[in-house]
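**Q** Have a look at the structure that comes next, please.
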Ligand code: AMP
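Here it is in structure tokens:
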């Protein structure tokens, strides 16, 4: 019998076109939640999935539902409700990828802060899949611009978040408008009472899927995590590789494509690295592993599938570049180090949204994972300098330098420069193109925002329409005043802290007990943001909000009129545009761009 661990997407009976789309995107095998949920959804069961972001839950419902969508029927057949604009966009983008096999299946993200006209036009033109936030979906139902009469599937994604943000009444209203005959799936990381109630009321005899693992990790492994925005992962990785003393390293990513891309990038930076994925024939894979054993390469960039059971003693570090789906695969991954009683190091990269998965790994493994700051430029410089000094000291002990003495004598005789100046000159030559000591501007600023094109989809705002064409620019709000009955406030969290409209809405809705539909325009600037809230906020609520934290920052909320107008350096004269984050300007990009283009020469320094 095939256990879920060994399952392939083929075993799940997904139609061939979907399998091809998955091949294209580079997925090797279903994640545990996918292996369990897809067969149940394909059989038509309602589903209750306990899973957080990062487990692959989107594909767990998207794939089986897409398999049964009728592309000829243009009324919405599938509705996904998501708590935030970001998640709605992210889920819609995932659907577009998985549905890439069909020209006819259209997916529409629908959320507040975006013009109704465009949404209505697209709904009229016909869409099969709608992914939206509850408030805007209700508005469309009320305006009769969203027809749910043909709905076959309804998904509540991150149900506990919807509850936390005060959407639960809206969700119930939508559920009560959906046809009785439908399949419903509810995904939630936790199962608080009100979510259980919804499940009992609106799901029919649901199957419960919960990926629980009982696992433990070796105590010889030091576990750390690094919270990092997805677009800064590569920079964080290269910094870590410079300061950590490592022998062999395995870097885990999720897709076959990512193994090749990341290996190429590291190789361009001078590392001895190879990808390892399921597309590589077995014999070649074995050769690659042998090379790692023999020290011909130091780094493997691998997917879970191919790295299972890998036993190479010299692997001192495992980097979870992409977070694993669950605690069990985390434990398998980090078990590739700390072999044969040696000490090992495991470093996990997580984004803000994935923090829950980190907690659940800590809970199941019953081991804390310590926070690790990303090495600063001065730390890198310290390491570089001490390694350089050490290699000079070692070279002085090398007998072969005797033969170089006549050359030294010759240079001394022919130059008037002092021995210090001569040494400095030789040092400069030894450095080559890459300076020994970096300036801050030599490396991308890890606190900066991403360049537009390289942003991870979950971070990206929606500028492109479903068809990839640029949407009509929204009317600039400029100095437009807050809407009637609203007042504008300044809060001390901005882009540099990693603030997102979703976090701000969530925190305010939760802490101030303000229904999120009453939270107006949000504008995020580099160091602060503005938010429009209902007029006449009681003092206690303001006090609560002053102390509330978003992305680790106290909001210190105050009336906008108290503060000078925002500086818009590098942003042209663009004006606030509702809850859409300002478009990044070129000035936000790292000062000297990507080291790959400049042909970096950092190499792993062996001890
Ligand atoms: P989710 O938990 O749905 O937010 O998915 C998290 C990430 O995992 C997304 O970037 C997906 O593209 C990726 N992902 C989902 N399923 C798979 C899979 N079977 N293989 C590789 N990557 C996957």
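Numbering (the working numbering), first residue to last: 22 to 628.
We put the CB at the ideal spot given by N, CA and C, even for glycine.
(1) Any idea which residues DSSP pairs residue 229 with across the strands?
(2) Would you decide whether residue 364 is buried or exposed? Buried here means 16 or more other CB atoms lie within 10 Å of its CB.
(3) Quick one: Cα of residue 359 to Cα of residue 329, how far?
(4) To the nearest angstrom, how far is the alpha carbon of residue 430 from that of residue 410?
(5) Using 8 Å as the cut-off, classify the Cβ of residue 358 as near or not near the heavy atoms of ligand 1, replying yes or no.
(6) If you draw a straight line from the alpha carbon of residue 27 to that of residue 415, how long is it in whole angstroms?
(7) Is residue 275 close to ligand 1? I mean its beta-carbon at under 8 Å from any heavy atom of the ligand.
(8) Please state the DSSP three-state secondary structure of residue 507.
(9) Pull up the distance between the alpha-carbon of residue 435 and that of residue 252, whole angstroms please.
(10) What are the residues that DSSP puts in a beta bridge with residue 366?
(11) Buried or exposed: where does residue 423 fall if 16 or more other Cβ atoms within 10 Å of its Cβ makes it buried?
(12) Could you check how far apart the C-beta atoms of residue 459 and residue 395 are, in whole angstroms? I think they sit under 8 Å.
(13) By Cβ distance below 6 Å, which residues in the same chain neighbour residue 180 in space, the five residues on each side in sequence not counted?
(14) Does DSSP classify residue 551 as helix, strand or coil?
(15) Taking buried to mean at least 16 other C-beta atoms within 10 Å of its own C-beta, is residue 34 buried or exposed?
(16) Flag residue 396 as yes when its Cβ comes closer than 8 Å to any non-hydrogen atom of ligand 2, and as no otherwise.
(17) When you compare only the Cα positions, how much space is there between residue 272 and residue 509?
(18) Using alpha carbons as the reference points, say which of 244, 311, 371, 315 lies closest to residue 387.
(19) Among the residues of its own chain, which have a CB less than 7 Å from the CB of residue 112, if the five just before and after it don't count?
(20) Going by DSSP, which residues form a beta bridge with residue 204?
(21) Which of the three DSSP states is assigned to residue 599 in this structure?
(22) Where does residue 32 sit, in a helix, a strand or coil, going by DSSP?
(23) So the candidates are 198, 352, 127; which of them puts its Cα closest to the Cα of residue 96?
(24) Going by beta carbon distance, what residues of the same chain come within less than 7 Å of residue 122, once the five residues before and after it are set aside?
(25) Using only the alpha-carbon positions, how far apart do residue 557 and residue 231 sit?
(26) How far does the alpha helix (DSSP H) with residue 82 in it reach, from first residue to last?
(27) Using only CA atoms, which one of 150, 147, 170, 141 lies nearest to residue 160?
(28) Taking the alpha-carbon positions, what's the residue 546 to residue 110 distance?
(29) Ligand 1 and residue 281: does any heavy atom of the ligand fall closer than 8 Å to the residue's C-beta?
(30) Can you list, in chain order, the residues of its chain with a C-beta nearer than 7 Å to that of residue 313? Leave out the 5 residues immediately preceding and following it.
(31) Return yes when the Cβ of residue 287 is within less than 9 Å of the Cβ of residue 324, no when it is not.
(32) Given a cut-off of 9 Å on the beta-carbon distance, is the pair residue 247 and residue 116 in contact?
(33) Would you kindly check if the distance between the Cβ of residue 65 and the Cβ of residue 221 is under 9 Å?
(34) Looking only at its chain, what residues have a beta carbon closer than 7 Å to the beta carbon of residue 538, apart from the 5 residues adjacent to it on each side?
(35) What residues are listed by DSSP as bridge partners for residue 580?
(36) Assign residue 485 to one of three DSSP states: helix, strand, or coil.
**A** According to the structure data:
(1) Sequence index remark: in the chain shown, residue 229 carries index 208 (1-based). 69.
(2) Mapped onto the chain shown, residue 364 falls at position 343. Exposed, since its Cβ has fewer than 16 Cβ neighbours within 10 Å.
(3) Along the chain shown, read from residue 1 onward, the residue named residue 359 stands at position 338. Along the chain shown, read from residue 1 onward, the residue named residue 329 stands at position 308. Looking at the two C-alpha atoms, the distance is approximately 15 Å.
(4) The residue labelled residue 430 in the question sits at position 409 within the chain shown. The residue labelled residue 410 in the question sits at position 389 within the chain shown. So the two alpha carbons sit approximately 23 Å from each other.
(5) Taking the chain shown and counting its residues from 1, the one referred to as residue 358 is at position 337. Checking every heavy atom of ligand 1 against the Cβ of residue 358, none is found closer than 8 Å.
(6) To locate residue 27, count along the chain shown from 1; it is residue 6. To locate residue 415, count along the chain shown from 1; it is residue 394. Distance between the alpha carbons of residue 27 and residue 415: 50 Å.
(7) Residue 275 sits at position 254 when you count from the first residue of the chain shown. It does: the Cβ of residue 275 is within 8 Å (strictly closer) of some heavy atom of ligand 1.
(8) Residue 507 sits at position 486 when you count from the first residue of the chain shown. Correct three-state label for residue 507: strand.
(9) Looking up residue 435 in the chain shown gives position 414. Looking up residue 252 in the chain shown gives position 231. Computed Cα separation, rounded: 52 Å.
(10) As a first step, residue 366 is located in the chain shown; it is residue number 345 there, counting from the start. Paired residue(s): 243, 338.
(11) Locating residue 423 in the chain shown gives position 402, where the first residue counts as 1. So residue 423 counts as exposed.
(12) Your numbering for residue 459 matches position 438 in the chain shown. Your numbering for residue 395 matches position 374 in the chain shown. Actually they are not in contact, since the Cβ atoms of residue 459 and residue 395 sit about 14 Å apart, beyond 8 Å.
(13) Taking the first residue of the chain shown as 1, we reach residue 180 at position 159. Excluding sequence neighbours, residue 180 sits near 207, 209, 216.
(14) As a working mapping, residue 551 is identified with position 530 in the chain shown. Three-state result, residue 551: strand.
(15) Within the chain shown, the letter at position 13 stands for residue 34. Residue 34 should be labelled exposed.
(16) Ligands displayed in this structure: ligand 1; ligand 2 is not among them.
(17) Stepping through the chain shown from its first residue, residue 272 is reached at position 251. Stepping through the chain shown from its first residue, residue 509 is reached at position 488. Distance between the alpha carbons of residue 272 and residue 509: 46 Å.
(18) By one-based count along the chain shown, residue 387 stands at place 366. Ranking 244, 311, 371, 315 by Cα distance to residue 387 puts 244 first.
(19) For the purposes of this step, residue 112 is taken as the residue at position 91 of the chain shown. So the list reads 79, 101, 103, 152, 178, once near-sequence residues are dropped.
(20) Taking the chain shown and counting its residues from 1, one reaches residue 204 at position 183. Paired residue(s): 174.
(21) To locate residue 599, count along the chain shown from 1; it is residue 578. Since pLDDT at residue 599 reaches only 33, below the 50 mark, its modelled position is unreliable, and the value read off the structure follows with that caveat. Here residue 599 sits in coil by DSSP.
(22) Here residue 32 corresponds to residue number 11 of the chain shown, with the count starting at 1. In this structure, residue 32 counts as helix in the three-state DSSP scheme.
(23) Taking the first residue of the chain shown as 1, we reach residue 96 at position 75. Considering only alpha carbons, the answer is 127.
(24) Within the chain shown, the letter at position 101 stands for residue 122. So the list reads 38, 39, 41, 42, once near-sequence residues are dropped.
(25) Within the chain shown, the letter at position 536 stands for residue 557. Within the chain shown, the letter at position 210 stands for residue 231. Spanning the two alpha carbons is a distance of roughly 45 Å.
(26) Here residue 82 refers to the residue found at position 61 when the chain shown is read from its first residue. Its alpha helix (DSSP H) spans residues 78-88.
(27) By one-based count along the chain shown, residue 160 stands at place 139. Considering only alpha carbons, the answer is 141.
(28) By 1-based counting over the chain shown, the position of residue 546 is 525. By 1-based counting over the chain shown, the position of residue 110 is 89. Roughly 21 Å between the two C-alpha positions.
(29) Mapped onto the chain shown, residue 281 falls at position 260. No, Cβ of residue 281 sits at least 8 Å from all heavy atoms of ligand 1.
(30) The sequence position of residue 313 within the chain shown is 292, counting from 1. Answer for residue 313: 269, 321, 333, listed in chain order.
(31) Numbered from 1 along the chain shown, position 303 holds the residue referred to as residue 324. Numbered from 1 along the chain shown, position 266 holds the residue referred to as residue 287. Not a contact, by the Cβ cut-off of 9 Å.
(32) If you number the chain shown from 1, residue 247 lands on position 226. If you number the chain shown from 1, residue 116 lands on position 95. Not closer than 9 Å, so no.
(33) In the chain shown, the residue the question calls residue 221 occupies position 200. In the chain shown, the residue the question calls residue 65 occupies position 44. Cβ atoms of residue 221 and residue 65: not closer than 9 Å.
(34) As a working note, residue 538 is residue 517 in the chain shown. Excluding positions up to five away in sequence, the list reads 156.
(35) Translated into positions along the chain shown, residue 580 becomes position 559. Looking at the DSSP assignment, residue 580 forms a beta bridge with 510.
(36) Position 464 of the chain shown, counting from 1, holds the residue named residue 485. Annotation note: pLDDT 29 at residue 485 (below 50); position unreliable, coordinate value reported separately. The answer is strand: DSSP assigns residue 485 an E or B state.
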